[in-house]
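Participant: If you scroll down you'll find the structure; I have some questions about it.
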Amino acid sequence: MPKPMLGTRQKTETDYMLSLTAKTETKAGGDPLKIDKLLRKQRSKQYMETVSKLDVGGKIHNHGKAKEIIEALRQEFPEIELDGDFMGIVSKCHLGEDYEVHRLDIIDDIIEHYRRGQPLPDGLEKARSIAIHGGYEFIEVYTNCFRAIGRDGSVSVVY
Numbered sequence: 014m015p016k017p018m019l020g021t022r023q024k025t026e027t028d029y030m031l032s033l034t035a036k037t038e039t040k041a042g043g044d045p046l047k048i049d050k051l052l053r054k055q056r057s058k059q060y061m062e063t064v065s066k067l068d069v070g071g072k073i074h075n076h077g078k079a080k081e082i083i084e085a086l087r088q089e090f091p092e093i094e095l096d097g098d099f100m101g102i103v104s105k106c107h108l109g110e111d112y113e114v115h116r117l118d119i120i121d122d123i124i125e126h127y128r129r130g131q132p133l134p135d136g137l138e139k140a141r142s143i144a145i146h147g148g149y150e151f152i153e154v155y156t157n158c159f160r161a162i163g164r165d166g167s168v169s170v171v172y
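Heads up, the numbering used here is the position in the sequence shown plus 13, with the first residue counted as 1.
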């Protein structure tokens, strides 16, 4: 008689949402469906304009611009504590031929630009191809999913 294989259950969308809520319970009440619904809502024009300025400031690590974008994200979602699960933003870089993408690092409050072939840290590499070729304005990277944001602020969730 064959033995059942352990750990073969496929993760469901609810599993991913529960993972996201682990550190967000205090503000959103711990309801994974409420948190998912909030993070799926169309992004505001103001937020879109703020995040679109990732390239502003050239190739330097711009602490002021990074803090402005992080604050815009917190204002966009005041009911959710994103510090644990939100990893950053990745988008296509327009600084020159050598540069391919840039990322907002919320830990160090910097914007870092990456050359073609230069790997992104902390699991953010998966967002590179979506940022370059996906037709999205930018990619919000969470520990359990990406939220690809269109030019109009629409949200597509990628697991």
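Virtual Cβ for every residue (Gly too), placed ideally from N, Cα, C.
With DSSP collapsed to three states, give me the class of Ser65.
Facilitator: Note: Ser65 maps to helix in three-state DSSP.
Participant: If we ignore side chains and look at the alpha-carbon of each, how far apart do Gly163 and Glu150 end up?
Facilitator: C-alpha separation (whole angstroms): 5 Å.
Participant: Can you grab the Cα-Cα spacing for the pair His126 / Arg141, in whole Å?
Facilitator: Spanning the two alpha carbons is a distance of roughly 12 Å.
Participant: How many Å lie between Arg129 and Glu138 at the Cα?
Facilitator: Arg129 and Glu138: Cα-Cα distance of roughly 12 Å.
Participant: For the beta strand (DSSP E) that Ile123 lies in, which residues bound it at each end?
Facilitator: Unbroken beta strand (DSSP E) run through Ile123: 123-128.
Participant: Could you check where the alpha helix (DSSP H) with Glu138 kicks off and where it finishes?
Facilitator: It spans 138-146 - the alpha helix (DSSP H) in which Glu138 sits, taken as one unbroken run.
Participant: Please identify the residue among Ser65, Gly148, Leu117, Ser169 whose C-alpha is closest to the C-alpha of Asp135.
Facilitator: Nearest option by C-alpha distance: Leu117.
Participant: So, for Tyr61: in the same chain, excluding its five sequence neighbours on each side, which residues have a beta-carbon less than 6 Å away from its beta-carbon?
Facilitator: With the sequence shown as reference, residue 61 is identified as Met, and Tyr is not the correct amino acid for it. Here the set comprises Gly166.
Participant: Taking C-alpha atoms, which residue in Leu52, Asp44, Ala79, Val168 lies nearest to His115?
Facilitator: It is Ala79 whose Cα lies nearest to the Cα of His115.
Participant: Should Glu110 be labelled buried (16 or more other beta-carbon atoms within 10 Å of its own) or exposed?
Facilitator: By the neighbour-count rule (16 or more Cβ atoms within 10 Å), Glu110 is not buried but exposed.
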